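Top to bottom, those sequences are chains G and L.
Residue 144, in the working numbering, is where the first sequence stops; the numbers in between run on with no holes.
Residue 144, in the working numbering, is where the second sequence stops; the numbers in between run on with no holes.
Taking it in order: structure first as structure tokens, then the write-up.
Protein chains: 2
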Amino acid sequence: MLARDIATRRVIQADHGQSLREAAGMMYRHQVTCLVVVAENAPVGLLSMRDMTKAVLLDRRDADATPVGSIMSRPPVVCREDCNLAELIAILRGSGLRRLPVVDASGQLVGIVSAHDVVAAMAELMEELAGALIVDPELDHTVPRRQAP
Amino acid sequence: MLARDIATRRVIQADHGQSLREAAGMMYRHQVTCLVVVAENAPVGLLSMRDMTKAVLLDRRDADATPVGSIMSRPPVVCREDCNLAELIAILRGSGLRRLPVVDASGQLVGIVSAHDVVAAMAELMEELAGALIVDPELDHTVPRRQAP
Chain G
-4 MLARDIATRR VIQADHGQSL REAAGMMYRH QVTCLVVVAE NAPVGLLSMR DMTKAVLLDR
56 RDADATPVGS IMSRPPVVCR EDCNLAELIA ILRGSGLRRL PVVDASGQLV GIVSAHDVVA
116 AMAELMEELA GALIVDPELD HTVPRRQAP
Chain L
-4 MLARDIATRR VIQADHGQSL REAAGMMYRH QVTCLVVVAE NAPVGLLSMR DMTKAVLLDR
56 RDADATPVGS IMSRPPVVCR EDCNLAELIA ILRGSGLRRL PVVDASGQLV GIVSAHDVVA
116 AMAELMEELA GALIVDPELD HTVPRRQAP
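Laid out in structure tokens, this is it:
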């Protein structure tokens, strides 16, 4: 399984010029806690709900006058679409992030992958493995039994 | 493994009378996205960063004048400390929540448990299982080899 196989293709994207209030509306509507800021279809930053809350509630930035681009983390940590699960876990662990934009060889955004997607992928592999380990009792009946005399 | 074994004992608690700005400060300082609102050491509500962001940025509530108690979810979904992992997963799935206050038989708060704690617990069990499945090559040397003639 590679990043491209488990990534969500539909990425909630923001423009660096949007206001924090607009970004909050997008997060709420789409039930996400992070937006990928893109320019020409390449990820240029990440805006988390945590960063946004800090800016407005603690640093008292104006939610309408502050553009996403001024508080987003950049450059964003990304992963290539051909990352395998071990590489993906290493990037998540090393960065302390919970989700990463997935890019193709030319740096174009193709999806987003989260630590939760990795948990789901590993659960799927475990289920496959359980299927391989546990013999299906039905198999006992595939060879016709000898008729009783 | 029960909820009490995997729960974090140190719960970041808020009082229902605190302002949203104070709550945001606590979330940021303690690096959490959820506060447990308590009264007489019993959980009476939950305040998530999502609810707080919605209240301030979308509903335009005043961050200093709005008390936590007016927007917290209540009563909070909780789990008993003697819940096993399967029961815990069922409550998380049924509620759509990612973390639950853990209470003792008298309803007193004893910790908080998250879906991430469950992932860590299952990984620990898998590692134990791997230890049971994979024979340690060192064991080959516990019986002294015959001396060469």
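For each residue, glycine too, the CB sits at the ideal point set by N, CA and C.
Every value quoted in this text rests on a predicted model; they were computed, and no experiment measured them.
Checklist entry - Which of the three DSSP states, helix, strand or coil, is assigned to arginine 94 of chain L? => result Here residue 94 of chain L corresponds to residue number 99 of the second sequence, with the count starting at 1. It is a strand residue.
Next on the checklist: Tell me which residue opens and which closes the alpha helix (DSSP H) that alanine 2 of chain G is part of.
Outcome noted: Reading the first sequence from its first residue, position 7 is the one you call residue 2 of chain G. Counting along the chain, alanine 2 of chain G falls outside any alpha helix (DSSP H), and DSSP gives it neither H nor E.
Checklist entry - Would you report the Cα separation of isoleucine 86 of chain G and glutamate 35 of chain L, rounded to the nearest angstrom? => result Counting from one through the first sequence, the residue named residue 86 of chain G turns up at place 91. Counting from one through the second sequence, the residue named residue 35 of chain L turns up at place 40. Whole-angstrom Cα-Cα distance: 43 Å.
Next on the checklist: Along the region 20 to 39 of chain G, where does the CB come closer than 9 Å to a CB of chain L? Name the residues.
Outcome noted: Gly20, Met22, Tyr23, Gln26, Thr28
Checklist entry - For valine -2 of chain L, which residues of its own chain have a beta-carbon under 6 Å away from its beta-carbon, when the five flanking residues on both sides are left out? => result As a position in the second sequence, residue -2 of chain L is number 3, starting the count at 1. As written in the sequence, residue -2 of chain L is alanine, which differs from the valine given in the question. Cβ neighbours of alanine -2 of chain L beyond the five flanking positions: Cys74, Glu76, Cys78, Leu83, Val97, Val108.
Next on the checklist: Residues of chain G with CB closer than 8 Å to the CB of threonine 61 of chain L, please, in chain order.
Outcome noted: Walking along the second sequence from the start, residue 61 of chain L turns up at place 66. In chain order: nothing, as chain G lies at least about 11 Å away.
Next on the checklist: If you follow the beta strand (DSSP E) that leucine 53 of chain L is in, where does it begin and where does it stop?
Outcome noted: On the second sequence, residue 53 of chain L is found 58 positions in, with the first residue counted as 1. No beta strand (DSSP E) contains leucine 53 of chain L, which DSSP labels as neither H nor E.
Checklist entry - Any contact of the region 10 to 27 of chain L with the region 57 to 68 of chain L, i.e. 3+ C-beta pairs under 8 Å? => result yes
Checklist entry - Helix, strand or coil for glycine 12 of chain G per DSSP? => result Numbered from its first residue, the first sequence carries residue 12 of chain G at position 17. Three-state result, glycine 12 of chain G: coil.
Checklist entry - Thinking just about the alpha-carbon of each residue, which of L:Met21, L:Asp10, L:Pro71, L:Arg93 is nearest to the one in aspartate 112 of chain L? => result Within the second sequence, residue 112 of chain L is the residue found at index 117, counting from 1. Out of L:Met21, L:Asp10, L:Pro71, L:Arg93, L:Arg93 has the C-alpha closest to the C-alpha of aspartate 112 of chain L.
Checklist entry - Do you know offhand how far alanine 50 of chain L's Cα is from threonine 48 of chain G's? => result As a working note, residue 50 of chain L is residue 55 in the second sequence. As a working note, residue 48 of chain G is residue 53 in the first sequence. Taking the straight line joining both Cα atoms gives about 11 Å.
Item to check | Residues bridged to serine 65 of chain G [DSSP beta-bridge criterion] | outcome: Residue numbering aside, residue 65 of chain G sits at position 70 when the first sequence is read from its first letter. Partner(s): none; serine 65 of chain G has no beta bridge.
Next on the checklist: What does the alpha-carbon distance come out to for the pair glycine 126 of chain L and isoleucine 1 of chain L?
Outcome noted: Position 131 of the second sequence holds residue 126 of chain L. Position 6 of the second sequence holds residue 1 of chain L. Roughly 21 Å separates the two Cα atoms.
Checklist entry - Hey, arginine 4 of chain G and glycine 89 of chain G: beta-carbon distance below 9 Å or not? => result One-based indexing of the first sequence puts residue 4 of chain G at position 9. One-based indexing of the first sequence puts residue 89 of chain G at position 94. In this structure, arginine 4 of chain G sits away from glycine 89 of chain G, with a CB-CB distance that is not shorter than 9 Å.
Checklist entry - Which residues of chain L have a Cβ atom closer than 9 Å to the Cβ of methionine 47 of chain G, listed in chain order? => result To locate residue 47 of chain G, count along the first sequence from 1; it is residue 52. By Cβ distance, chain L contributes Thr48, Leu52.
Checklist entry - Cα separation between threonine 28 of chain G and glutamate 122 of chain G? => result Taking the first residue of the first sequence as 1, we reach residue 28 of chain G at position 33. Taking the first residue of the first sequence as 1, we reach residue 122 of chain G at position 127. Answer to the nearest angstrom: the Cα atoms are 29 Å apart.
Next on the checklist: So valine 149 of chain L and glutamine 8 of chain L are supposed to be a Cβ contact under 8 Å. How far apart are they, rounded?
Outcome noted: An answer regarding residue 149 of chain L cannot be provided, because it is not within the stretch -4 to 144 covered by chain L.
Checklist entry - Helix, strand or coil: how does DSSP classify isoleucine 129 of chain L here? => result Taking the first residue of the second sequence as position 1, residue 129 of chain L is located at position 134. Three-state DSSP puts isoleucine 129 of chain L in coil, outside helix and strand.
Item to check | Short-range partners of chain L found in the region 101 to 120 of chain G, where Cβ spacing is below 7 Å | outcome: Val114
Checklist entry - Exposed or buried, valine 130 of chain G, counting other C-beta atoms within 10 Å across all chains shown (16 or more means buried)? => result Within the first sequence, numbered from 1, the residue matching residue 130 of chain G stands at position 135. Exposed, by the Cβ-count rule.
Item to check | Alpha carbon of leucine 95 of chain L to alpha carbon of aspartate 99 of chain G, nearest angstrom | outcome: By 1-based counting over the second sequence, the position of residue 95 of chain L is 100. By 1-based counting over the first sequence, the position of residue 99 of chain G is 104. Rounded to the nearest angstrom, the two C-alpha atoms are 38 Å apart.
Next on the checklist: Do methionine 67 of chain G and leucine 104 of chain G count as a contact pair if the criterion is CB distance below 9 Å?
Outcome noted: Stepping through the first sequence from its first residue, residue 104 of chain G is reached at position 109. Stepping through the first sequence from its first residue, residue 67 of chain G is reached at position 72. Not in contact: leucine 104 of chain G and methionine 67 of chain G (Cβ atoms no closer than 9 Å).
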